[in-house]
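First residue of the sequence shown? That's 1 in full-length UniProt numbering, and the numbers climb one at a time after it.
C-beta: ideal position from N, C-alpha, C; glycine also.
So the structure is just underneath, and the comments pick up after that.
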Amino acid sequence: MVLGLRSAIGSDVGRRRTSNQDSGATTGRLLIVADGMGGHAHGEIASATTVSVFTELEARLPQDLSDIDLAAELTEALNDATDRLARRAADEPEMRGMGTTVVSLLLTGDQLALAHIGDSRIYLLRGGELSRLTHDHTMVQQLVDQGQITLEEAAHHPRRSVLMRALSTDHAPDPDLDRVDILAGDRYLLCSDGVTAVLDDEALHRELASGAEPDQVVTQLIALANEGGGPDNITAIVADVVEIADVDAPGQDLRIAGAVADIATAD
């Protein structure tokens, strides 16, 4: 038996935005969420471009990743996305300054390779316990880390959305990279801050531990975020680690959501 991922993805514009600048994608071994920024639809180009780069990376990687330096591959993907955005901004100056957050997981054997930049998050539900695998790259998180404000104060801080790190046209990316050991029965959540701005860890734990299928949990998280005001775009991926009998069995087909899907449809 080998371990695989069974996932679901969903994205919604929310209640207060006029366009969806989030993008996301899943395959049998890749999960990624990107939350674009930049206004005037430029954020959606940043997130969609980045997600496309990652899905292209996953498609060209061999089935067996045991001899692949995934940290280098993920870093190269982030650099490639940055270069594409910079070239676009050079041709269209009004797009300068656009950027995106990124959270991604790539399955390799009994581990997940993690890449993170910005304030989108990855959570793990294991044995009934919820833990966060990412650390927000925000001004308020920095203030919390320095002991200047509490977590409660951070939740309502007027500058809580100010990012200290993101993928953008202005500078090389500075991601957090990690490896996560996986177990059958693990459940992962990747989401944009449109989810976590409304739902606290207790609410996330309740939904992830409900026993519902991944697609049902995604639908419920989006509904709850909208019921809480839907202040931002909302994107969520829920993925279960499952045992697969045949190592050569085909993985889950590519699924995309948010701006990357909207742009693909328009094209």
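Pairing L114 with L105 gives a Cβ-Cβ distance under 7 angstroms. Check the Cα spacing between A197 and each of P175, R206, I234: the tightest is with I234. H116 sits buried, since 16 or more C-beta atoms from the chains shown fall within 10 Å of its C-beta. Residue state for V218 is assigned as helix, using DSSP reduced to three classes. Excluding residues up to 5 positions away in sequence, G24, T26, I237, R255, A257 lie with their Cβ nearer than 6 angstroms to the Cβ of I9 in the same chain. A check of alpha carbon separations from L70 across L143, D178, P214 identifies D178 as the nearest.
Per DSSP, reduced to three states, the secondary structure at S47 is helical. For T265, DSSP assigns no beta-bridge partner whatsoever. Between the alpha carbons of A166 and D232 lies a gap of roughly 18 angstroms.
Burial is judged here by how many other beta carbons sit within 10 angstroms of a residue's own beta carbon; V162 has fewer than 16 and is exposed.
Straight through space, the alpha carbons of D80 and R60 are spaced by roughly 14 angstroms. Taking the Cβ atoms as the reference, Y123 lies roughly 6 angstroms from L204, within the contact range of under 8 angstroms. The alpha-carbon separation between I222 and D262 amounts to approximately 18 angstroms.
Contact between V260 and S47 holds, with the beta-carbon distance rounding to 7 angstroms and staying under 8 angstroms. M98 counts as buried, since at least 16 other C-beta atoms from the protein chains shown sit within 10 angstroms of its C-beta.
Minimum Cα-Cα distance from A264 among the listed residues M1, L31, V51, L30 corresponds to V51. Membership of H205 in the alpha helix (DSSP H) is indicated by the continuous run 201-208. Listed in chain order, the non-local C-beta contacts of V195 below 7 angstroms within the same chain comprise L221, A225, I234, A236, local neighbours out to five positions each way being set aside. Within the model, the alpha-carbon separation for T169 versus A72 is close to 20 angstroms. Using a 10 angstroms sphere on the CB of S192, the tally of other CB atoms reaches 16 or more, which defines it as buried. Contact between the stretch 87-95 and the stretch 134-150 is absent: fewer than three C-beta pairs spanning the two stretches fall below 8 angstroms.
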